[in-house]
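S.K.: Right, I'll just put the structure down here and ask away after.
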Amino acid sequence: MTVKIGLIGAGGIAQSHINALKKVEQAKIVTVFDLNTEGAQKTAAALGARVTESADALLNPEEIDAVFICVPQFARGDLEEIAAKRGIHVFVEKPLGLELESVGRKEQAIREGGILTSVGYVLRYYDTVQQAKQYLQDKTVHLIQAFRIGGSHPAPWWKQQHMSNGNLGDAVTHQVDMIRYLVGEYKEVTAQFGRNTIKTQNPEATIPDAGAVTFSMESGAVGTITESCISTYHSGSEIKIIGPNFFLQLTGNGKTLTIIDDQQNITITSKQDPVYEQDKAFVEAVAAGSGEAILCGYADGMRTLAFTLAAYKAAEERDTVTI
Ligand SMILES: NC(=O)c1ccc[n+]([C@@H]2O[C@H](COP(=O)([O-])OP(=O)(O)OC[C@H]3O[C@@H](n4cnc5c(N)ncnc54)[C@H](O)[C@@H]3O)[C@@H](O)[C@H]2O)c1
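In terms of UniProt numbering, the sequence shown opens at residue 1 and continues consecutively.
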């Protein structure tokens with residue numbers, strides 16, 4: 001079966017999906033919509049696809065089996081709900097939104113519509129992350145130490161807190177998600193965010209330039225995540241997961257895994273393209289009518305969003321927030 005796909009948003013991440021989907025045998029992008037008509041036309045022409053006049057017109061079940069929603073989180077409106085009501089399967093980029101009310105409504109519509117969903121927590125698809133997950137299954141973790149430090153997304157929307165939810169909400173959400181994926185659910189969070197440099201460097205920006213988040217997990221483990229989006233001379237990401245009888249570390253957004261215990265001291269770097277693995281899993285799931293190979297569905301992605309929102313609330317209220 002060929003899975004006919006509509007693409008909403010033809011910006012940076014959409015181009016990564018286009019490159020990945022070209023290699024997925026069953027996938028065919030047939031329609032494209034972007035507010036930037038020129039960008040949509042250029043993308044569609046390269047694919048032999050058609051540009052639709054609106055996002056609503058693209059969500060036509062007569063023409064597509066699945067939609068890839070690749071517009072930023074502030075620009076999604078009720079696209080997921082419309083798709084669910086029309087029986088169109090949904091791939092949607094992370095993060096799922098900026099608040100929980102509309103995302104919860106969408107999650108309900110998705111459940112009622114019985115469609116398949118996949119959320120772009122793409123790092124879950126690395127074989128190294130899968131290996132880490134398997135290794136941790138019977139381990140007791142007591143400490144998690146994570147960071148993601150680097151530059152910022154070039155688009156103006158990204159530097160507006162009400163459009164992106166900042167670095168923690170948009171980029172570090174991958175680390176937030178990976179900790180959940182590997183160690184289980186968060187319980188409580190406290191946090192502080194700074195604007196020490198960004199307020200003079202970029203007075204238009206409303207996002208923090210750094211954050212320090214402390215959390216506990218339902219398992220009893222505790223941990224920290226620190227982040228910066230304006231670091232010029234140092235960048236990288238790391239999650240260290242520590243137990244009394246092992247040490248596990250993921251660096252490079254999960255690409256490289258180190259495990260040290262009594263039996264081993266190994267470091268493995270993945271050769272996989274996780275975007276390809278993620279998109280292939282979704283397309284094949286749609287073709288087969290079964291979502292088993294999808295590693296993050298909508299309800300799961302919503303819990304990752306809940307953590308980010310709780311961290312910002314904790315910082316604002318200078319209090320501990322229960323997730
Ligand atoms: N999974 C990942 O690793 C990953 C990586 C990068 C971006 N993302 C996510 O993908 C989303 C898009 O990011 P990006 O980097 O492609 O941004 P971008 O700014 O490069 O592109 C956004 C595109 O959306 C279009 N657009 C904006 N509002 C629209 C609307 N209302 N209707 C139709 N089109 C609209 C813009 O014209 C632009 O072409 C964000 O949610 C981001 O967090 C995920």
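C-beta atoms are modelled at their ideal positions from N, C-alpha and C, and glycine is treated no differently.
All values derive from a computational prediction rather than experimental measurement.
For the structure I just gave you, are there three or more beta carbon pairs, one from the region 27-39 and one from the region 294-306, closer than 8 Å?
M.R.: no
S.K.: Give me the Cα-Cα distance between ARG195 and ASP170, rounded to the nearest whole angstrom.
M.R.: Locating residue 195 in the sequence shown gives position 195, counting from the first residue. Locating residue 170 in the sequence shown gives position 170, counting from the first residue. In a straight line, the C-alpha of ARG195 is about 17 Å away from that of ASP170.
S.K.: Just to confirm, are THR224 and GLY236 a CB contact at a threshold of 8 Å?
M.R.: Position 224 of the sequence shown, counted from the first residue, corresponds to residue 224. Position 236 of the sequence shown, counted from the first residue, corresponds to residue 236. Result no, Cβ atoms of THR224 and GLY236 do not sit closer than 8 Å.
S.K.: With three or more beta-carbon pairs closer than 8 Å as the criterion, would you say the region 150-160 touches the region 174-194?
M.R.: no
S.K.: Please find out if some non-hydrogen atom of ligand 1 comes closer than 7 Å to the beta-carbon of CYS70.
M.R.: Position 70 of the sequence shown, counting from 1, holds the residue named residue 70. Distances between the C-beta of CYS70 and the heavy atoms of ligand 1 include at least one below 7 Å.
S.K.: Going by DSSP in three states, THR197 sits in which element: helix, strand or coil?
M.R.: As a working note, residue 197 is residue 197 in the sequence shown. THR197: coil per DSSP, three-state reduction.
S.K.: Buried or exposed: where does HIS89 fall if 16 or more other Cβ atoms within 10 Å of its Cβ makes it buried?
M.R.: Your numbering for residue 89 matches position 89 in the sequence shown. Flag for HIS89 reads buried.
S.K.: Go through its chain and collect everything with a Cβ distance to VAL283's Cβ below 6 Å, but skip five positions before and after it.
M.R.: Sequence index remark: in the sequence shown, residue 283 carries index 283 (1-based). Result list for VAL283: VAL3, VAL24, GLN26, ALA27, in chain order.
S.K.: For PRO203, is the classification buried or exposed, using 16 other Cβ atoms within 10 angstroms of its Cβ as the cut-off for buried?
M.R.: In the sequence shown, counting from the first residue as 1, residue 203 sits at position 203. Exposed, since its Cβ has fewer than 16 Cβ neighbours within 10 Å.
S.K.: Taking just the CA atoms, how far does GLU80 sit from LYS106?
M.R.: Reading the sequence shown from its first residue, position 106 is the one you call residue 106. Reading the sequence shown from its first residue, position 80 is the one you call residue 80. LYS106 and GLU80: Cα-Cα distance of roughly 6 Å.
S.K.: Return the CA-CA distance between VAL183 and ASN245, expressed in angstroms with no decimal places.
M.R.: Within the sequence shown, numbered from 1, the residue matching residue 183 stands at position 183. Within the sequence shown, numbered from 1, the residue matching residue 245 stands at position 245. Their Cα atoms are separated by approximately 16 Å.
S.K.: Given 7 Å as the limit, tell me if ASP170 has its C-beta closer than that to any heavy atom belonging to ligand 3.
M.R.: You won't find ligand 3 in this model; what it holds is ligand 1.
S.K.: State whether the region 5-13 contacts the region 70-79, with contact taken as three or more CB pairs (one from each stretch) at a distance under 8 Å.
M.R.: Yes, the region 5-13 touches the region 70-79.
S.K.: What residue from THR117, ASP78, ARG303 has the CA that sits closest to LEU100's CA?
M.R.: The sequence position of residue 100 within the sequence shown is 100, counting from 1. LEU100 has its Cα closest to that of ARG303, out of THR117, ASP78, ARG303.
S.K.: Closest to ILE239 by CA distance: which of PHE147, LYS22, ALA14 is it?
M.R.: One-based indexing of the sequence shown puts residue 239 at position 239. Closest option to ILE239, Cα to Cα, is PHE147.
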